[in-house]
Amino acid sequence: MAGKSGRSINNVPESPIKHMIFSWEGILVVLFILVNIFCKGFSEYYNLENLLRQMPVYLAEVFLMIPMAYILVLGEIDISVGATVCLSATLSCMMCNTGAPFIVVILTALIVGTVCGAVNGFILTQFEELPPMIVTLATQIIFRGIAEIVLGSGGSISASNTDGFRLIGGKVGKIPYILFLVLILAVIFAVILGKSTFGRRVYAIGTNRLTAYYSGIHVKKIRFIIYTVMGTFCGLCALFLVASSYGANTTTGNGFEMDAIAMAVFGGISSTGGKGNLAGGLISAFIIVCLRVGLGQRNVHAQVILLIIGVLLICAVALPNIIENVKRAVKK
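If you want our numbering, it's the position in the sequence shown, counting the first as 1, plus 117.
Encoded structure:
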């Protein structure tokens, strides 16, 4: 097409393949491959069979990343999730030890988690002037405090009947049930966030809550739902943790909130709200799981692994800014 100036303007759409490769998700896929190559070279025991056997313990935390992504897209944060997992695991073990049917044990964990999430949602929607970090810090102390009162300081509890937990911790061939459940839930929630009206409203709230409210979006309702679902997923996480350890103690769930946030942010979900998708969060979660399994097989100290994950997280946050600065410098 030629304009009045005589210059030709070609409307050439960007190649979908090129866009996919140079997107953050594409970079994460490459990093996932590199991490597996590194782990394979670092540990002689790192293979698919051992990975599938050891990953269920770490996959439980991925349950928390899924709703945490929604909370971050809202531009908020929930740091009470580790304590909610602890309380849910504790009370589900207690219910198990009463001889109750296993379905009641499952419902106990899910209901306790849901109630904790609903408490966060209720406080934050009724007292909107309160910052989510402070509210969830307070409820973190309360929920873990209740667990410590029940267990005693530094106490623990073991499930006396482990048949039900063995069942949910089972496998199809060599693939654990938890892997199927994580993938199914991640796909469902990714579609809801990226393709549904509800998801678009979540992004709108994260971009500008006041504008979303005056646009007719039920901001309080959506925030309450997301925090409540966060609690439900904490109960789900607690069930699979107990299935791997057959018990709980006062340190159960310690640091899980930071792991969930790290997975989401490393996956490209903005902590300031309104940006990101669950696909990147899921890929980053598996990168972190593979790293933990591979490094753990060579008895690398847990704090060193956390240090590596922290460095990756800083790089994930800084890289987009670095790329933008490079682009500006090239244009000049």
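C-beta: ideal position from N, C-alpha, C; glycine also.
- By the Cβ-count criterion, F341 is buried, with 16 or more other Cβ atoms from all chains shown falling within 10 Å of its own Cβ.
- Nearest to V222 by C-alpha distance, out of G391, N394, N278 and Y344, is N278.
- Cβ contact annotation for D376 (same chain, cutoff 7 Å, sequence separation greater than five): E178, in chain order.
- The C-beta distance from Q257 to A217 rounds to 28 Å, too long to fall under 8 Å, and the pair is not in contact.
- Boundaries of the beta strand (DSSP E) around S273: S273 to S275.
- Here the alpha carbon of T314 sits roughly 26 Å from the alpha carbon of G230.
- Less than 8 Å separates the beta-carbon of I405 from that of I426.
- Remark: fewer than three beta-carbon pairs, one from each stretch, lie closer than 8 Å, so the stretch 150-166 and the stretch 268-288 are not flagged as touching.
- In the three-state DSSP reduction, P293 falls in the strand class (E or B).
- For the pair A307 and M182, the CB atoms are not nearer than the 8 Å cut-off.
- Within the same chain, Cβ atoms closer than 8 Å to the Cβ of G393 are found at A186, L189, V190, A381, G384, G385, I386 and S387, the five residues on either side in sequence being excluded.
- A distance below 8 Å between beta-carbons, with the five flanking residues on each side excluded, links Y294 to the following residues of its chain, in chain order: I285, G286, G287 and K288.
- Contact check for T242 against K337 passes: the beta carbons are separated by less than 8 Å.
- In this structure, S273 lies near A365, with their beta-carbon atoms less than 8 Å apart.
- Taking a contact as a CB-CB distance under 8 Å, the pair A329 and R318 counts as one, their CB atoms being some 7 Å apart.
- Per the C-alpha coordinates, the member of G262, A446 and V146 positioned closest to T367 is G262.
- Taking every protein chain shown into account, the CB of T253 has 16 or more other CB atoms within 10 angstroms, so this residue is buried.
- In the DSSP annotation of this structure, the continuous segment of the beta strand (DSSP E) that includes N366 starts and ends at G364 to N366.
- Where Y187 is concerned, the enclosing alpha helix (DSSP H) starts and stops at L165 to V190.
- Taking I194 as reference, the option from I378, V434 and G411 with the minimal CA-CA separation is I378.
- Taken in chain order, the complete beta strand (DSSP E) segments of 3 residues or longer contained in the stretch 205-279 are 273-275.
- For the pair R409 and I422, the Cα-to-Cα distance works out to about 7 Å.
- Shown here, K392 sits in coil according to DSSP, grouped into three states, outside any helix or strand.
- When rounded, the separation of the alpha-carbon atoms in A206 and L358 is 8 Å.
- A straight line joining the alpha-carbon of S209 with that of G372 spans about 20 Å.
- The C-beta separation of Y163 from G411 comes to about 5 Å, placing the pair in contact by the 8 Å criterion.
- Sixteen is the threshold: since fewer than 16 other Cβ atoms of the shown chains lie within 10 Å of the Cβ of G269, the residue is exposed.
- By the criterion of a C-beta distance shorter than 6 Å, L353 is surrounded in its chain by F180, once the five residues flanking it on both sides are discounted.
- Approximately 5 Å separates the beta-carbon atoms of A264 and C203; this is inside 8 Å, confirming the contact.
- Here N167 has no same chain residue with a Cβ atom under 6 Å from its own Cβ, once five neighbours each way along the sequence are excluded.
- At a Cβ-Cβ threshold of 8 Å, G234 and G323 do not count as neighbours.
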